[in-house]
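Structure first, then comments.
2 protein chains.
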Amino acid sequence: MMDLDLVASVARETPSKIILLVIDGLGGLPNSETGKSELDTACIPNLDQLAAESACGLIDPVFPGITPGSGPGHLALFGYDPVQNLVGRGVLEALGIDLELKPADVASRGNFCTLDKNGLITDRRAGRISTHESAPLCQLLDRIEVPGMRLSVHPVRDHRFVVIFQGSGINDGLTESDPQKLGVSPLEVKPLSPQAEATAQGVNVFIAQAKDALRCRDVANMILLRGFSRSPTLPTMKDRYRLKAAAIAAYPMYRGLAKLVGMEVLPMGNSFEEEVETLARHYGEHDFFYIHFKGADAAGEDGDFASKVQALEEVDSFIPKLRELNPDVFMITGDHSTPAVLAGHSWHPVPFLLCSQWASPDDVKELSERACASGALGRFPATHVLPLAMAHALKLTKFGA
Amino acid sequence: MMDLDLVASVARETPSKIILLVIDGLGGLPNSETGKSELDTACIPNLDQLAAESACGLIDPVFPGITPGSGPGHLALFGYDPVQNLVGRGVLEALGIDLELKPADVASRGNFCTLDKNGLITDRRAGRISTHESAPLCQLLDRIEVPGMRLSVHPVRDHRFVVIFQGSGINDGLTESDPQKLGVSPLEVKPLSPQAEATAQGVNVFIAQAKDALRCRDVANMILLRGFSRSPTLPTMKDRYRLKAAAIAAYPMYRGLAKLVGMEVLPMGNSFEEEVETLARHYGEHDFFYIHFKGADAAGEDGDFASKVQALEEVDSFIPKLRELNPDVFMITGDHSTPAVLAGHSWHPVPFLLCSQWASPDDVKELSERACASGALGRFPATHVLPLAMAHALKLTKFGA
């Protein structure tokens, strides 16, 4: 029996409530000028106070040294093996905009990009054109017809969209057309197995027609496709852990991840303030709440130390509102670290706190990488987060006689 | 997918450089008179300064409570499962003297020993006779012929040699002739399965003839064989982790271990000073350097607390020279602990430090068992060392979307 199967086997339904606040990209590294990380620098009295009242530790999202994408980072926190259950980017994006995927459908993430006159990529995100501008372009692409397959194009946000390929024999074993660098041409999509040859051919026809349809534009005059994938079949959190779980996330991809494990995605607007209000409004209806804060990761990815500090201060200001709900277990962590000095996701373990009447006390007095390293929970894999949450919410019965 | 396979799957080649200094037997225990361990006692300002600038932790070489031999201790540090890939002592010794083993060959470690007139062992190492004296004895044994097998005898160093047994049906499932204690007779070699019966018989014939050939001598008048083994087939570090790895080790066995994972063994003399010079001379040619310091383990094995302290002070004096190379990642640890008070390898976790621009800072100010216990890296299996090294050298790409 796998460890998480063991946890599932002793799960029981109770009225106790768990809130998991994921501060995306929470962990950081010191700024070379100050020697202080983003968390060290930020003025976050509410998070520090909560850390002082909590059991703290550091989590490894996937494995020490491994830098996770958002998919594995979140699935681990939800109690699913992030390596066994790898989710393609195309599927994530599709789920995030409420597309229903059939098991055979192949989803691909798409970007509008900009090519120069020689056909070389000058901007992989087409100046991050607005949804207002990109939506009609998606309609244009949606009209493309390719023999032997059905396809549909769906706007996501800004320069991003999803393409769904359907039809008998459609296969997701494809290389990507996005070279992930500038100054080169988009790549031809190639099959990874003979079974994927027809799909690769069809996708290349689609890309060629898309280029033709966009040819008169200065920006957003081409597309890049990546993350061809099919939806994995995961048991719901209800079936597996007996949790009635709800997700509150402004960004589509995170809603998509939550749907994958059967969470109910609560309808809401775009700000974190609305997320918190949504959680409060639906607090009676569920017993597990995943609430997602994006700002810290976005600033970290931009390499903007000051903005990440500001994002952390922003989320700090909402902590009292969340605490007012008085959940039996309140956990805060990230799906991965995004140190501003690295301007990207990283492998560094992520600060973690668990506040509960039944948590082991420790001497941690603030939420930071350094402080959490000496917390009572030590350093542990992110797949232990859900078991710990359920245990502290008294939702796990005794194992063995 | 196993964790280390996952790491291998995201490995990429970059010019960044990693140095792994293995201080053999690094970890220790307090002397009962002072309450201080060898590391606490030694004056090691360079190691302490490095620890202060590094992320620290404690590693379990194989598993908590398990005392590892040098084989598992090193293989784990090189990123290979030390239990799945157990290497026999005979194979290690053979590789360390540049013998090429075919997959079917069986290698055995040999000792010259001394028997009294009653045939009982009085010295398992024959007074550690010199290589000068033992090499001609090996030539003598090499001439022995045993029906049904080919054999060859190769001097290693001092009282130690290797016997290679070859032929169809040769089997390594054999008990050892070395009883590993004094005042008893050497043991008969027994087959561990019916398939090994013929080999056991042949080996016993060889031992009897060796005894006869040495019968006129006062010391080194008998041999002891142990560690009958075949070479495991391991992927190289180049194939598995895309690392161009080099080994610098004065002692044959450690060179043998490095060869097993495809490291290039750099030619050199016998002192640690020469090891450091060799590393510096070849620094441009590789991206992963394993450098081995033997003195701490040797003193610990002898139960000589003061000598182990001195050995640690010796290695400390070379740290500045290694730091001058300015590697992207500099790691120091041991393959196991060898507390002088136990006069042997032990199960205690081993201090570990990792110095890199991207390491998480912690409050550890010195290299010691106690200080490292509160380091940012926590306590972790030695198989995580290579993934951490590669991550901090930016040699691992993101996992999942």
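Chains as they are written, first to last, in our numbering: chain F, 1 to 401; chain E, 402 to 802.
Beta carbons: idealized from backbone N, C-alpha and C, even for Gly.
No experiment lies behind these values; they were computed from the predicted model shown.
- Annotated three-state conformation of residue 623 of chain E is strand, per DSSP.
- Of the candidates F:368, F:221, F:327, F:339, the residue whose Cα lies closest to the Cα of residue 358 of chain F is F:327.
- Runs of the alpha helix (DSSP H) lying entirely within the region 329 to 399 of chain F, each at least 4 residues long, are 369 to 372, 385 to 392 in chain order.
- Here residue 9 of chain F carries a helix assignment [DSSP, helix/strand/coil].
- Restricting attention to alpha helix (DSSP H) runs no shorter than 4 residues, the region 7 to 70 of chain F encloses them at 38 to 41, 45 to 52, ordered along the chain.
- Excluding five sequence positions before and after residue 783 of chain E, the CB atoms of its chain that fall closer than 7 Å to its own CB belong to 460, 461, 462, 477, 478, given in chain order.
- The region 624 to 633 of chain E makes contact with the region 567 to 584 of chain E, as at least three CB pairs between them are under 8 Å.
- If you draw a 10 Å sphere on the C-beta of residue 403 of chain E, you find fewer than 16 other C-beta atoms in it, and that means exposed.
- For residue 352 of chain F, the closest alpha carbon among the candidates F:344, F:337, F:346 is that of F:337.
- When Cβ-Cβ separations below 7 Å define contact, residue 67 of chain F makes contact with chain E.
- Beta-bridge partners assigned by DSSP to residue 264 of chain F: F:246.
- In the displayed model, residue 514 of chain E falls within a strand according to three-state DSSP.
- Taking a C-beta cut-off of 8 Å against chain E, the contacting residues of the region 355 to 378 of chain F are 369, 370, 373, 374, 378, listed in chain order.
- Per DSSP, residue 283 of chain F has no beta-bridge partner at all.
- The count of Cβ pairs closer than 8 Å, one atom from the region 208 to 225 of chain F and one from the region 96 to 105 of chain F, stays below three, leaving the stretches out of contact.
- Straight-line spacing of the CA atoms in residue 86 of chain F and residue 257 of chain F works out to 11 Å.
- With a 10 Å radius around the Cβ and a threshold of 16 neighbouring Cβ atoms, residue 384 of chain F comes out buried.
- Counting along the chain, no beta strand (DSSP E) covers residue 602 of chain E; the unbroken alpha helix (DSSP H) around it starts and ends at 598 to 614.
- In summary, the residues of the region 9 to 37 of chain F whose CB is separated from some CB of chain E by less than 7 Å are 29, 30, in the order they occur in the chain.
- Considering only F:40, F:211, F:253, the residue with the shortest C-alpha distance to residue 74 of chain F is F:253.
- The C-alpha of residue 636 of chain E lies about 36 Å from the C-alpha of residue 525 of chain E.
- At least one beta carbon of chain F lies nearer than 7 Å to the beta carbon of residue 801 of chain E.
- Beta-bridge partners of residue 166 of chain F (DSSP): F:150.
- Taking one beta carbon from each stretch, the region 580 to 597 of chain E and the region 531 to 550 of chain E have fewer than 3 pairs nearer than 8 Å; the two do not touch.
- A check of alpha carbon separations from residue 562 of chain E across E:508, E:418, E:735, E:419 identifies E:508 as the nearest.
- Linking residue 364 of chain F to residue 376 of chain F through their CA atoms gives a straight-line distance of about 8 Å.
- About 23 Å separates the beta carbons of residue 361 of chain F and residue 27 of chain F, which is beyond the 8 Å limit, so they are not a contact pair.
- Chain order gives no chain E residues near residue 293 of chain F, where near means a beta carbon separation below 9 Å; the closest approach is about 20 Å.
- A Cβ-Cβ distance of about 5 Å is found for the pair residue 426 of chain E and residue 697 of chain E, placing them in contact under the 8 Å criterion.
- A residue is called buried when at least 16 other Cβ atoms come within 10 angstroms of its Cβ; residue 373 of chain F meets this threshold and is buried.
- Residue 107 of chain F is bridged by DSSP to F:164, F:229.
- Here residue 411 of chain E is near residue 800 of chain E, since their CB atoms are less than 7 Å apart.
- By the neighbour-count criterion, in which 16 or more other beta carbons inside 10 Å mark a residue as buried, residue 585 of chain E falls on the exposed side.
- Taking the beta carbon of residue 345 of chain F as reference, the chain E residues within 8 Å of it are 799, listed in sequence order.
- If you ignore the 5 residues before and after residue 72 of chain F, its C-beta comes within less than 6 Å of the C-beta of 62, 82, all in its own chain and listed in chain order.
- In the three-state DSSP reduction, residue 174 of chain F falls in the strand class (E or B).
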